[in-house]
Amino acid sequence: MSAYVTLATGQRMPTVGLGTWKSAPGQVKRAVLAALDCGYRHIDCAAAYGNEPEVGEALALRVGAGKTLSREEVFVTSKLWNTKHDPADVEEACRTSLSHLGLSYLDLYLMHWPMAFQRGKELMPRQEDGSICYSDTHYRDTWAAMEGLVDKGMVKAIGLSNFNARQTGDIISVAKHKPVVNQVECHPYLCQADLLSYCRSVSVCVTAYSPLGSGDRPWASPDEPSLLQDPRLGTIAQRYQKTPAQVILRWQVQRGVVCIPKSVTPSRIQQNLQVFDFSLSEGDLKLIESLNRSERFIVPAVVRDGKREWRDAAHPHFPFNDLY
Ligand code: A2P
């Protein structure tokens with residue numbers, strides 16, 4: 030099984046990359062260095078993660094002229110945040126990410142969410158009652174501005190994140206530069222079979238975020254099931270003398286899904302790349318698929334009357350009201 034997938038642009042994207050969401054400043058530089066040093070060639074970033082300058086410090090030590098790795102050897106993704114959807118803001122937002130990462134181009138730039146927030150410097154602009162201030166910029170207009178970044182050579186390819194199938198098709202129907210990736214939450218409890226099959230049919234590669242179930246998500250509650258502790262995965266892992274994390278990542282690799290496991294622990298970073306020396310049987314692939322609960326861990330939410338409610342569910346471009 031190849032350690033790369035080929036995108037519609039012909040670019041080779043490493044199937045396992047390092048995720049950096051939730052990697053705190055003070056930790057992420059060490060994580061990126063550990064990853065590059067043990068063979069990762071794909072780093073997934075975003076302006077909203079608040080740590081791109083520190084990712085950039087690590088890249089500067091290893092990538093570029095006179096360094097261990099040439100720029101062409103590493104695949105770097107970043108994402109346009111929701112407050113930068115206005116077409117007038119897109120280029121500057123991309124330039125800021127490039128400058129923080131210390132790069133002259135990105136391999137891939139994704140629209141982080143289909144919903145636009147009010148313009149400005151505030152990451153999460155809120156009204157007095159705490160609700161988010163949205164903007165009515167349509168994601169199609171944002172897309173057109175992102176296409177300009179390809180034309181200017183600032184990014185090699187553009188794509189989507191958190192888009193459902195209908196919205197992905199909507200972009201494809203107007204695109205000059207087609208989206209090459211849709212990055213969505215995906216793991217054995219949310220297999221995304223329908224979205225995956227749709228994306229395959231239109232040559233959009235799926236990248237799985239939170240592939241290990243994001244046990245460190247800020248709103249994790251002890252009553253929610255822990256993916257990595259699922260005994261059924263433990264049993265499969267024992268059969269191959271691998272860890273549950275490796276089994277999950279291998280399952281994704283075998284179905285052609287790119288994964289970006291996050292870790293700031295060097296031994297786990299290394300472990301998560303060691304998924305190319307074994308193969309899961311058809312039976313075990315099916316067993317993992319049967320763990321699907323179609324439940325999301327990653328939905329922006331508010332707590333009202335003690336209950337978690339999907340924060341943006343009323344927004345016209347909220348992606349998760351559709352079936353897939
Ligand atoms: P840490 O960063 O402290 O090493 P996801 O990629 O789904 O968001 O999951 C990230 C979470 O999973 C983090 O808490 C991370 O911990 C943990 N993690 C990453 N790799 C492994 C692994 N191989 N085994 C156990 N936990 C892991």
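The numbering of the sequence shown is my numbering, which starts it at 30 and goes up by one. Every residue, glycine too, gets a C-beta built ideally from N, C-alpha and C.
For residue 312, the enclosing alpha helix (DSSP H) begins and ends at 311-318. Around the CB of residue 248, fewer than 16 other CB atoms lie within 10 Å, so the residue is classed as exposed.
Judged by their CB atoms, residue 327 and residue 280 are not nearer to each other than the 8 angstroms cut-off.
In this structure, residue 272 has its CB closer than 7 angstroms to one or more heavy atoms of ligand 1.
Bounds of any beta strand (DSSP E) do not take in residue 175; it lies within the alpha helix (DSSP H) bounded by 168-180. Taken in chain order, the unbroken stretches of alpha helix (DSSP H) that lie wholly in the segment 203-247 and span 4 residues or more are 222-230. When DSSP states are grouped into helix, strand and coil, residue 339 belongs to the strand group.
At a threshold of 7 angstroms, residue 240 counts as near ligand 1, since its beta carbon sits closer than that to one of the ligand's heavy atoms.
Here residue 166 has 114, 115, 145 as same chain residues with Cβ atoms under 6 angstroms from its own Cβ, once five neighbours each way along the sequence are excluded. Residue 300 holds the alpha-carbon nearest to the alpha-carbon of residue 276 among 295, 291, 300. Per DSSP, the unbroken beta strand (DSSP E) holding residue 108 starts and ends at 104-109.
DSSP places residue 118 inside the alpha helix (DSSP H), whose first and last residues are 116-130.
Considering only 162, 157, 142, 139, the residue with the shortest C-alpha distance to residue 150 is 162. Per DSSP, the continuous beta strand (DSSP E) segment holding residue 35 begins and ends at 33-35. Here residue 208 is actually not in contact with residue 182; their C-beta atoms are around 18 angstroms apart, not less than 8 angstroms. Taking 7 angstroms as the cut-off, one finds no heavy atom of ligand 1 near enough to the beta carbon of residue 39.
Put simply, of 159, 104, 76 the residue whose alpha carbon is nearest the alpha carbon of residue 122 is 76. For residue 322, the shortest separation between its Cβ and any heavy atom of ligand 1 does not lie below 7 angstroms.
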